[in-house]
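In terms of my numbering, the sequence shown opens at residue 190 and continues consecutively.
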Amino acid sequence: MSLHLEIASCVRAKSKFSNCTKCVDACPDSITLVDNLPSFANNTGVEAAACVGVCPTEAFSLSDFSTTEFFFTFLDSKVRLISPKLNVPCLSVLSVEHLIALALACDDEITLDMSSYDEESILYEQIDARIEEANFVLSSFSTKKLITNVEHTMPMQEETQEDEVTSRRSFLGNASLKGVVKHKMTFDEAVEADELKTFALDVETIAKIKEKELPDKRKILFTILKQAKIPNAFEVLAEEDVSFTSQKFVDDSCTNCQICYRICPTGALSSDAKFSIINFDSMLCVKCRLCHEVCEPEAIQLQPGYEVKELFEPTQRTLAKFNIKRCNECGNNFTYTGGEQACPRCLVEEEEAMFLHSNAKRMKVEKEEKVAQEAAEKENEA
Ligand code: SF4
Ligand code: SF4
Ligand code: SF4
């Protein structure tokens, strides 16, 4: 089993301003940044799987193990234990979203087997933190929770009955899940063993970078939430307690430079044909922070509270609206702030032209003065 990186899905490939280090922080011994992109040794295997579960855009994956396929296989089985000794290469391949969706989709309590991990290790801490976050979010709208054990016991293997498989599938609603189960292992592996696997942005990758894509883990969570019992009241959680999504606002310093909604990898931020609006769908946001990192005036910000209602009743909110006007010079649309007749680009060009013109005028005057001075000096000498 080996590690794969779909570089086009990494937010660092989308912008040099991205500061995402989630994979490096999760697997510091295996993953490093080379030329601003994550890189790892070619023989890096499942020991580095924490990056798979932590990457907001699912850029990392493992050969021979798909978290999406595991999700459905697990639901189809009667076993309610998730263990590296039984059905996953490492618990860290599962994200907080997977854990919440698994807990919600199963009638019985799920146990996560932590017996393989050293309680003092970073990996243990990371897995524990994800389970804790999943349980915390679950507790805001459900009585379901995940439990952990450190003493390993193998469950009784039970045959899955055909009718149970069918009932699970109908519970999940196949129609909305079409296309969810798919592999993403497309990266070229023609690299010598032990060589550091680095990534370059070729033409094909650049074309893929521009595509907006929602990770499978979000499609799974969204589908499961649609079938979950809606709570009577909705809580508001602290922004820092929810790592996988966010709510935002845009303040008055926004210049409508268009970067954030053009670069958002999932389409959570969007605009209309005239670029007169910034819309935001929290359910599509994977909290990769790219929009914040590219925003020069820091106009787009995280809302301090995350409204749980958004999980059950996703809405598209308008974060900003702009007056759009046609430029008198070039005819292109621009964001009108009051009084200006031309777009910022034409204004800059006009300023540059005026500067060049006054510069040329000054040089002409200086030249004429110099000629006159030389003529006067010659006259004096004569
Ligand atoms: S987007 Fe994923 S692969 Fe890219 S730096 Fe962040 S965690 Fe790593
Ligand atoms: S929020 Fe920031 S990045 Fe987005 S359009 Fe406004 S200024 Fe540009
Ligand atoms: S809205 Fe911002 S944080 Fe959310 S997915 Fe888009 S770029 Fe990432």
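Even glycine gets a Cβ: it sits at the ideal position worked out from N, Cα and C. Here the structure is a predicted model, which is why all the values come from computation and not from measurement.
In its chain, beyond the 5 residues on either side, no residue has a beta carbon closer than 7 Å to the beta carbon of K553. Taking all protein chains shown into account, A238 has 16 or more neighbouring C-beta atoms within 10 Å of its C-beta and is therefore buried. L410 is positioned such that its CB atom lies no closer than 8 Å to that of F501. Classified as buried, A197 has 16 or more neighbouring CB atoms from the shown chains inside 10 Å of its CB. Spanning the alpha carbons of S328 and K334 requires a straight line of approximately 7 Å.
Those residues placing their Cβ nearer than 6 Å to any heavy atom of ligand 2 are, following chain order, V439, C443, T444, N445, C446, Q447, I448, C449, V483, C484, P486, A488 and I489. By the neighbour-count definition (other C-beta atoms within 10 Å, threshold 16), Q315 is a buried residue.
Taking all protein chains shown into account, A549 has fewer than 16 neighbouring C-beta atoms within 10 Å of its C-beta and is therefore exposed. Contact check for D253 and K274: beta-carbon distance about 17 Å, past the 8 Å limit, so the pair fails to qualify. In the DSSP assignment, A230 falls within the beta strand (DSSP E) that extends over L226 to A230. The residue from G242, T221 and P278 with its alpha-carbon nearest to that of M190 is P278. Taking a contact to require three or more Cβ pairs closer than 8 Å, the segment 419 to 427 and the segment 443 to 455 do not qualify as touching. In the three-state reduction of the DSSP assignment, T300 falls in the strand class, which pools E and B. With a contact defined as Cβ atoms closer than 8 Å, I466 and T412 miss out at about 28 Å. Note that the C-beta distance between V285 and A323 is below 8 Å. CA-to-CA, the gap between T246 and E541 works out to about 42 Å.
Contact check for C199 against A248 passes: the beta carbons are separated by less than 8 Å. Close CB contacts of I336 within its chain, under the 8 Å cut and outside five residues either way in sequence, are with E298, I299, T300 and L301 (chain order). Beta-bridge partners assigned by DSSP to E496: V425. Across the set H193, L270, D441 and L473, the C-alpha of L473 shows the shortest separation from the C-alpha of G456. Taking the Cβ of R319 as the reference point, every heavy atom of ligand 1 lies at 7 Å or farther away.
Exclusion of the five residues before and after K498 leaves F423 as the residues of its chain whose Cβ lies within less than 8 Å of its Cβ. Short note on A248: C-beta closer than 7 Å to some heavy atom of ligand 1. Linking P217 to L280 through their CA atoms gives a straight-line distance of about 18 Å. Distance from the Cα of Q416 is smallest, within the candidate group A571, L293, V483 and V213, for L293.
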